[in-house]
Structure formats: C-alpha cells, structure tokens
C-alpha cells in the first residue's frame, strides 16, 4: 500500500479536491456495526425519526473526493498517529452529518468514539455470522474485491475518481482482513465486535439488530416510534443497482480519458512512423 509520500505524489498526478467541511451540527449518533448488518435499514430509520444527514457506505461511494481523506485517516490509523485521528479531520467528511453508519466510519469506530464522546452509540450486528460472511461475499466482495472485473482496475489509471476509489478500498475495507475476505472475514467480524464491547464498557450503548425493529431503537434515541413498518433496505438487487449508478459515472470519465490518450498516442505513433518513412 502507498506510503504517505507516494500518496502525495499520486494525488498530484491524479488531482482530486480534498473534502474540507467543518461541523455545522452536533454528531448525535454513531452506529459502529459493520456493513451488511442492517446499516442501510438503520440509515433509513434514523432519517425517518428526524436525523437529517446520515453518512453511509453509499455516501462514500457517491463522493469520490471523500476517498482522499479516508486514505489519509487510514494511513494515520495504520501508523498509530492518534493526533491526526481527531474530530476536525473526521469532520472534513462528516461535518454536515448528525449520524453515521456502515463502513467507512465503522472501521474507525474506536477513534470516532474518542472524538465524539457525547454521541449516542449503536452497535448494530448480525446474529448469524456465517450468513454475514455469505452476504458480504455476494455483494461488496463481488463489486470491489477479488470479484471485481480486471477492466475496472485498468480504467482506474485513466481517471482521478476511479483511481482513488481503488486505492481507498484497501483503507476502508480490505486491510482489516488482510485482503482475503473469504479466509479472514469472519475473524475480522468477531474481533471488531469483541474489541468494541470492551471499548464501550462503562458507556451507554444499544446493541441492536435489524430484526429488533423500532421499539428498542426509538427508546434508546428518545424518539417517537413511527407508525409505519421498519424499513428494510439494501437487499442484494438494490445494492447492485445503487453501486452501478455511481460506478457508471466514474467509469465513463475514465473511458473518455482512455480514448483521448489512446487517440493522442496513436497520432504520435503515426507521425513518427510517417516521418521515419519519409526520411528513408
């Protein structure tokens, strides 16, 4: 993975504006469970009970500029630089959010808990860990992991958005299980929850799964229970549809750049060959 120096060089080659938000509202809820544990259902539920902007993995996917800061935060986490992992640096991405859920934030749960000590904490989980592994293999790992088409890797070198999306994938997901989810994903899940339950000793939090629905969630958040059913979002078909929307935009830019560069190179080659032929 790139060093900080190499990252800065790559950022020069592939320019992308840094996110630079500042906090404009309190961060009230930290939902620190991993992806595929009802995170999108929880996002929708939080919006329904009155939270205005909930950061989710889809927010990361739709905002390529966020990748820059997530990489920096990930590098700081890897080298143990706690001074960088502070509220100001998280706010560059999350400053306009009053709640967060899913990866990338869940990967920085310990640091977010320290940076925002007044936030209410939800530890969302999935009871069947093997089912969670299967769910990730059939979704995230299919679109971003070992199942990702080689063509997308190739295209990433022709556009800043796709390039940094590829780099950031390591820092927001793959590094937690050494890049081999099939072998190490379950151990990561168990470690994540074990460590957080230890971290949260003495701090009030809600351990919650999607099947628990509205009642415990609203009681914990001191919100009125909505009349309608609890939302159920991000089923596999919905997941792929959402991912394809923002992937299409990033890929389209890279394809245009690839055609442009290819055309320039072809023109240069034709010119050089023509010049050489004329002199022969």
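Residue numbers (my numbering): 14 to 293. Don't be surprised by glycine CBs; every beta carbon is placed ideally from N, CA and C.
Annotation for residue 34: 104, 105, 106, 107, 108 and 109 place their beta carbon closer than 8 Å to its own, counting only its chain and skipping 5 residues before and after. Positions of the beta strand (DSSP E) runs, each at least 3 residues long and wholly inside the segment 154-240, are given as 218-221 in order along the chain. With contacts defined by Cβ atoms closer than 8 Å, residue 180 and residue 189 do not form a contacting pair.
Beta-carbon to beta-carbon, residue 213 and residue 233 are separated by about 13 Å, too far to satisfy the 8 Å threshold.
Per DSSP, the unbroken beta strand (DSSP E) holding residue 44 starts and ends at 42-44. Here residue 199 is not near residue 134, since their CB atoms are 8 Å or more apart.
For residue 142, the enclosing alpha helix (DSSP H) has its first and last residue at 142-150.
Using a Cβ distance threshold of 8 Å, residue 55 and residue 17 do not count as a contacting pair. Per DSSP, the unbroken beta strand (DSSP E) holding residue 135 starts and ends at 133-137. Judged by beta-carbon spacing, residue 244 lies beyond the 8 Å limit of residue 185, meaning their Cβ atoms are not closer than that value.
Contact between residue 259 and residue 120 does not hold, since their C-beta atoms are separated by about 20 Å, which reaches or exceeds 8 Å.
Less than 8 Å divides the Cβ of residue 45 from the Cβ of residue 209. Looking at 48, 69 and 79, the one whose alpha-carbon comes closest to that of residue 151 is 48. Annotated three-state conformation of residue 112 is strand, per DSSP. Taking 8 Å as the upper bound for CB-CB distance, residue 136 and residue 221 are in contact here, some 7 Å apart. Boundaries of the alpha helix (DSSP H) harbouring residue 52: 52-61, taken from the DSSP string. 8 Å or more divides the Cβ of residue 43 from the Cβ of residue 111.
DSSP, read as helix, strand or coil, puts residue 68 in strand. Boundaries of the alpha helix (DSSP H) harbouring residue 87: 77-91, taken from the DSSP string.
Residue state for residue 73 is assigned as helix, using DSSP reduced to three classes.
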